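Per this note's numbering: the sequence shown = residues 2 to 442.
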Amino acid sequence: MIDFGPLLENPKILLFGAAGQLGIFFTLLLALALGFPELEAVAIAVIGACDGPTAIYVASQYAPQLLAPISVAAYSYMALVPIIMPPIMRVLTTEKERAIRMETVSFGVSRQTKILFPLVVILVGGLIAPKGLPLLGTIEGLLALLDPDPQRVVVNFHTAFNVLLAVSLIAFTERVAQLAMRVMPDEPDQGETMRPRNLDPGALETPALALANATREALRIGDLVEKMLRDVLVATRDNNGNLAREVKRMDDAVDELYSSIKFYLTQISREALVERESRRWAEIMSFTLNFEHVGDIVEHIADDLEAKKISRGRSFSEAGMKEIEQLHARLMANLRLALNVFLNGDLKSAEMLIAQKAEFRDLERAYSGAHLDRLAWQTPESIETSSLHLDIINDFKRINSHFCAIAYPILEEAGVLTRTRLRHQGEGGSGRAAGTPARNA
Numbered sequence: 002m003i004d005f006g007p008l009l010e011n012p013k014i015l016l017f018g019a020a021g022q023l024g025i026f027f028t029l030l031l032a033l034a035l036g037f038p039e040l041e042a043v044a045i046a047v048i049g050a051c052d053g054p055t056a057i058y059v060a061s062q063y064a065p066q067l068l069a070p071i072s073v074a075a076y077s078y079m080a081l082v083p084i085i086m087p088p089i090m091r092v093l094t095t096e097k098e099r100a101i102r103m104e105t106v107s108f109g110v111s112r113q114t115k116i117l118f119p120l121v122v123i124l125v126g127g128l129i130a131p132k133g134l135p136l137l138g139t140i141e142g143l144l145a146l147l148d149p150d151p152q153r154v155v156v157n158f159h160t161a162f163n164v165l166l167a168v169s170l171i172a173f174t175e176r177v178a179q180l181a182m183r184v185m186p187d188e189p190d191q192g193e194t195m196r197p198r199n200l201d202p203g204a205l206e207t208p209a210l211a212l213a214n215a216t217r218e219a220l221r222i223g224d225l226v227e228k229m230l231r232d233v234l235v236a237t238r239d240n241n242g243n244l245a246r247e248v249k250r251m252d253d254a255v256d257e258l259y260s261s262i263k264f265y266l267t268q269i270s271r272e273a274l275v276e277r278e279s280r281r282w283a284e285i286m287s288f289t290l291n292f293e294h295v296g297d298i299v300e301h302i303a304d305d306l307e308a309k310k311i312s313r314g315r316s317f318s319e320a321g322m323k324e325i326e327q328l329h330a331r332l333m334a335n336l337r338l339a340l341n342v343f344l345n346g347d348l349k350s351a352e353m354l355i356a357q358k359a360e361f362r363d364l365e366r367a368y369s370g371a372h373l374d375r376l377a378w379q380t381p382e383s384i385e386t387s388s389l390h391l392d393i394i395n396d397f398k399r400i401n402s403h404f405c406a407i408a409y410p411i412l413e414e415a416g417v418l419t420r421t422r423l424r425h426q427g428e429g430g431s432g433r434a435a436g437t438p439a440r441n442a
């Protein structure tokens, strides 16, 4: 049931196991200090060996009156590990040390060695401590009552014990969960922190890997911007000042991630990039720049909301709020489409995104016109929030333009991007060449 492969590959970790036995002697001294007789103290101390069957056997031989509590303690220590270890690790290690990712190195151990090692250990251990050998036969005899098959003995025992433990403690699950939450509160969402996660300096010598790391980090900016847009709509609808301030805090995270990605990309040797990698480098830089601009615009919206609407207790008209929500829904759909274009480089999705730019512009004009009509009808809410309403609609259009800009590199590479939207001579009836201004206009 135990894989000795890691120990055989790296015998030095045997020292960790030896250090673990210090728990036995510490518990022994503590039990003696508390007034337990020597044999009872020995039985209690064996719990520190992290071996349930051994603890049960020693207790049955030296302190049978403590067999029940020792058995429960011996098989419950593992349940306490998730509660005890995290605070100890935080005390003994720094955050930088806990962030280190250790690679697994395997040297390979033959199957014959893995089989012979435990047999040799039992033989040597039996010669050193012959009184411990009956432990094997005693435990095997008890477990054989459930199933004589040697392959099922250990499995059946642990299954029965875990079922009994679950049935007896299920009523206390909620209270234990509440206690655990108080002892170990949730850490802040790492998705919103300013620290980059994927920008591994060691990957800079391999451009393909470095670009993949930068792409993953860029998508974190996308996730943050998406959350900012969702929250700013809720803050707009509910006059939630706390949420508006949280949106501004998230923009600081976007700015920090953008700076980190830009610096990381500049450390990649451009000469070492092939053509495809060079294009990807430019796409990542363009994506992060556009989304950083979007973060700044959303922060500006949150500022205006606090100053012009939330602090004054004002609200949009029902029709005006509905227009903002509809435009926002279109904006969120285009954001997701932009993320897909950036991640997959799909030409069809890029063409769809560019088509959305014209549709969004027309929708913004229609909603601006509808708002001006409400002003003409002297709608009180529209008059109080007119400037803010028009600013938000215009800001949404600017944000959508940044999303659509993600499609330009893909369209340009495919050769389907036109140089100008102006009509050429003969197309518009003006008779002027594209870009030629009218005289006396």
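Ideal placement from N, C-alpha and C gives every residue a C-beta, glycine not left out. Predicted model, so just to flag it, every value in this text is computed and none were measured.
> What number of angstroms, rounded off, separates the C-alpha of glutamine 179 from the C-alpha of leucine 200?
Replying inline: Between the alpha carbons of glutamine 179 and leucine 200 lies a gap of roughly 37 Å.
> Where does the unbroken alpha helix (DSSP H) through glutamine 357 begin, and where does it stop?
Replying inline: 348 to 377
> Where alanine 434 and valine 417 are concerned, what is the direct C-alpha to C-alpha distance, given to the nearest angstrom?
Replying inline: For alanine 434, the predicted structure reports a pLDDT of 41, less than 50, and the residue's modelled location is therefore unreliable. The matter cannot be settled from this model.
> Distance, Cα to Cα, lysine 349 vs leucine 230?
Replying inline: 25 Å
>> Between which residues of its own chain and proline 208 is the CB-CB distance below 6 Å, once the five residues before and five after are set aside?
In response: Ile269, Ala273, Leu274, Glu278
>> Rounded to whole angstroms, what is the Cα-Cα separation between alanine 64 and alanine 167?
In response: 27 Å
>> In whole angstroms, give me the CA-to-CA distance for aspartate 252 and asparagine 401.
In response: 17 Å
>> What does the alpha-carbon distance come out to for the pair leucine 332 and phenylalanine 397?
In response: 7 Å
> What is the DSSP secondary structure of alanine 64, reduced to helix, strand or coil?
Replying inline: The three-state reading of DSSP puts alanine 64 in coil, since its state is none of H, G, I, E or B.
>> Using 7 Å as the threshold, is the C-beta distance between alanine 351 and alanine 408 below it?
In response: yes
> Assuming arginine 221 contacts leucine 258 under a Cβ cut-off of 8 Å, what Cβ separation, rounded to an integer in Å, is found between them?
Replying inline: 6 Å
>> Cutting at 8 Å between CB atoms, please list the residues of its own chain near aspartate 305, excluding the five before and the five after it.
In response: The residues are Leu389, Asp392, Ile393.
> When the distance is taken between beta carbons, is lysine 263 closer than 7 Å to alanine 303?
Replying inline: No, the Cβ-Cβ distance between alanine 303 and lysine 263 is not below 7 Å.
>> Tell me the residue span of the alpha helix (DSSP H) that contains aspartate 396.
In response: In the DSSP assignment, aspartate 396 falls within the alpha helix (DSSP H) that extends over 387 to 405.
>> Less than 7 Å between the beta carbons of alanine 204 and alanine 215, yes or no?
In response: 7 Å or more divides the Cβ of alanine 204 from the Cβ of alanine 215.
> Based on Cα-Cα distance, which residue from Ile71, Ser369, Leu33, Leu338 lies nearest to aspartate 47?
Replying inline: The sequence given here places valine at residue 47; aspartate does not occur at that position. Among Ile71, Ser369, Leu33, Leu338, the Cα nearest to that of valine 47 is on Ile71.
> Taking the alpha-carbon positions, what's the leucine 225 to glutamate 360 distance?
Replying inline: 25 Å
> For alanine 181, which residues of its own chain have a beta-carbon under 7 Å away from its beta-carbon, when the five flanking residues on both sides are left out?
Replying inline: Within its own chain, the residues whose Cβ lies closer than 7 Å to the Cβ of alanine 181, once the five positions on either side in sequence are excluded, are Ile84, listed in chain order.
> Distance, Cα to Cα, histidine 403 vs leucine 336?
Replying inline: 9 Å
>> My assumption, with CB atoms under 8 Å, is that asparagine 395 sits in contact with serine 316. Please give the rounded CB distance.
In response: Contact flag wrong, Cβ pair sits at about 20 Å.
>> Does proline 202 pass the burial test, meaning 16 or more other C-beta atoms within 10 Å, or should it be called exposed?
In response: exposed
>> For serine 261 and tryptophan 282, I'd like the C-alpha separation in whole angstroms.
In response: Approximately 15 Å between the Cα atoms of the pair.
>> Which same chain residues end up closer than 6 Å to proline 410 when comparing Cβ atoms and leaving out the 5 residues on each side of it in sequence?
In response: Excluding sequence neighbours, proline 410 sits near Glu284.
> Which residues in the same chain as valine 235 place their Cβ atom closer than 7 Å to its Cβ, once the five residues preceding and following it in sequence are excluded?
Replying inline: Asn241, Leu244
>> Among the candidates Thr55, Val73, Met286, Ala320, whose CA atom is the shortest distance from the CA of alanine 367?
In response: Nearest of Thr55, Val73, Met286, Ala320 to alanine 367, Cα basis: Ala320.
> When you compare each of Arg91, Pro54, Thr237 to tyrosine 76 by their alpha carbons, which one comes out closest?
Replying inline: Pro54
>> DSSP three-state label for leucine 200, please.
In response: coil
> Are leucine 30 and alanine 44 close, meaning C-beta to C-beta below 7 Å?
Replying inline: no
> For valine 295, which of Leu364, Ala339, Leu93, Gly24 has the nearest alpha-carbon?
Replying inline: Ala339
> Any idea what DSSP makes of phenylalanine 27, helix, strand or coil?
Replying inline: helix
> Considering isoleucine 323, what are the terminal residues of the alpha helix (DSSP H) in which it resides?
Replying inline: The amino acid at residue 323 is misidentified as isoleucine; the sequence shows lysine. Residues 319 to 345.
> Alpha carbon to alpha carbon, how far is leucine 16 from glycine 24?
Replying inline: 14 Å
> Ordered along the chain, which non-local residues of its own chain (more than five positions away) have a Cβ less than 6 Å from that of glutamate 300?
Replying inline: Only Lys249, Asp252 meet the Cβ criterion.
> Could you give the distance in angstroms between the alpha-carbon of serine 369 and the alpha-carbon of arginine 198?
Replying inline: 42 Å
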